[in-house]
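Shown next, in structure tokens, is the structure this report addresses.
Residue numbers (this note's numbering): 17 to 372.
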């Protein structure tokens, strides 16, 4: 069941990480103009955001200081990715906002030109009326010669031209005000502002953060989940195989003991060194010195670990990793005929005891 969940989680984690890497590369490459160390480092940081939580989770059991350092690096890397994503997606938001502002400015300018054009038409009409009145008055005056009449006629014609031009400007302003599209409203920001306590400007500011934060967070979380799915699966399979083998060996040893030993005989203790002839090691020395075969006894692995740590302190040795010690000791004991029983999270050595 674990693998059925772990495989799609791993695929999704890789997909989200790839999206972040591609987006980071495109943005930084366009900003830098060519591939350089900044572009490469940005892509590496995007990959590290997905891997650092997994490394920190595995380091937590043995090296807590290393795990803390990895989590700190994860926070810094995530901040870099979020800033890059904010700059990348914020450009589109800023462009849309600038387009709305320009549309509003054009519409306002078109509406402001209409009163000015109407005033110009009115002034041109008054100027034309005055020019015609002056021309009529001068034409009836006997002192006005031929050149004077031509000048007055030219004044009337100029006034008519000014009136025509003013009317054309008014028509253009009215047409522009009618055809200029209204600014496109940010409907999403308006709805969110109506349902929350945020303003539209705040929503437009933080909206670009949504995609990069979700992408990086999902990639890291799914990577940890997939690692968690695969880890228990391997441990469960190993525990089951070791449990079956230990139970079989324990049954064989019990049957042999019933046939060979009398019912009231004292339990026999046999050092492991008499049975094991493999290559020497610290583990073999410990087992030969501190563990003895004892028919009918059952030794908890926790007691073995306590005795092993005491043995290492006495011998001034660095102890093995606990997981590796349990695994190697179980393999060693099975080779010399001591069974291993696993009960949930507890493990027992069957037919063994701490040597006196």
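Even for Gly, the Cβ is constructed at its ideal location relative to N, Cα and C.
Item to complete: Give the DSSP-derived three-state secondary structure of residue 217 in the structure shown.
Response: helix
Item to complete: Write down the C-beta distance between residue 314 and residue 366 rounded to the nearest angstrom, noting that I regard them as a contact closer than 8 Å.
Response: 6 Å
Worksheet item: What distance in whole Å lies between the Cβ atoms of residue 189 and residue 133, which are believed to be in contact at a cut-off of 8 Å?
Response: 5 Å
Practice prompt. Just confirm the distance between the C-beta atoms of residue 317 and residue 371, as a whole number of angstroms; I'd bet it's less than 8 Å.
Written response: Contact flag wrong, Cβ pair sits at about 16 Å.
Item to complete: Would you kindly check if the distance between the Cβ of residue 98 and the Cβ of residue 225 is under 8 Å?
Response: yes
Discussion item. I'd like the span of the alpha helix (DSSP H) that includes residue 212, first residue to last.
Written reply: Residue 212 -> no alpha helix (DSSP H), and no H or E assigned at all.
Worksheet entry | Exposure label - residue 53; buried when at least 16 CB within 10 Å | exposed
Worksheet item: I think residue 58 touches residue 44, with their Cβ atoms under 8 Å apart; what is that distance to the nearest whole Å?
Response: 5 Å
Discussion item. Using 8 Å as the cut-off, can you tell me whether the region 21-32 makes contact with the region 230-245, which would need three or more C-beta pairs spanning the two stretches below that distance?
Written reply: yes
Worksheet item: Which value, in whole angstroms, describes the spacing of the CA atoms of residue 368 and residue 311?
Response: 7 Å
Worksheet item: Is it right to say residue 90 is buried, meaning 16 or more other beta carbons lie within 10 angstroms of its own, or is it exposed?
Response: buried
Worksheet item: DSSP three-state call for residue 352: helix, strand or coil?
Response: coil
Worksheet item: Span of the alpha helix (DSSP H) holding residue 60?
Response: 53-75
Worksheet item: Buried or exposed: residue 222, going by 16 or more other Cβ atoms within 10 Å of its Cβ?
Response: exposed
Worksheet item: How is the alpha helix (DSSP H) around residue 319 delimited, first residue to last?
Response: 317-331
Item to complete: With a threshold of 16 other CB atoms inside 10 Å of the CB of residue 36, please say whether the residue is buried or exposed.
Response: buried
Worksheet item: Beta-carbon separation of residue 299 and residue 344 under 8 Å?
Response: yes
Discussion item. Classify residue 66: buried if its beta carbon has 16 or more other beta carbons within 10 angstroms, exposed otherwise.
Written reply: buried
Worksheet item: By DSSP, does residue 128 sit in helix, in strand, or in coil?
Response: helix
Worksheet item: Roughly how many whole angstroms lie between the Cα atoms of residue 143 and residue 127?
Response: 25 Å
Worksheet item: From residue 80 to residue 73, what distance separates their C-alpha atoms?
Response: 9 Å
Practice prompt. With a threshold of 16 other CB atoms inside 10 Å of the CB of residue 40, please say whether the residue is buried or exposed.
Written response: buried
Fill in: residue 354 versus residue 38 - alpha carbon distance
56 Å
Discussion item. With H, G and I counted as helix, E and B as strand and the rest as coil, what does DSSP make of residue 369?
Written reply: strand
Worksheet item: Exposed or buried, what is residue 24 when buried is set at 16 or more other beta-carbons lying within 10 Å of its beta-carbon?
Response: exposed
Worksheet item: Does the beta-carbon distance from residue 327 to residue 341 come in below 8 Å?
Response: no
Practice prompt. Name the one or two DSSP bridge partners that residue 305 has.
Written response: Answer is none; residue 305 lacks a bridge partner.
Discussion item. Helix, strand or coil, according to DSSP, for residue 314 in the structure here?
Written reply: strand
Worksheet item: Where residue 227 and residue 64 are concerned, what is the direct C-alpha to C-alpha distance, given to the nearest angstrom?
Response: 18 Å
Worksheet item: Should residue 49 be labelled buried (16 or more other beta-carbon atoms within 10 Å of its own) or exposed?
Response: exposed
Practice prompt. Would you list the one or two residues that DSSP bridges to residue 363?
Written response: 358
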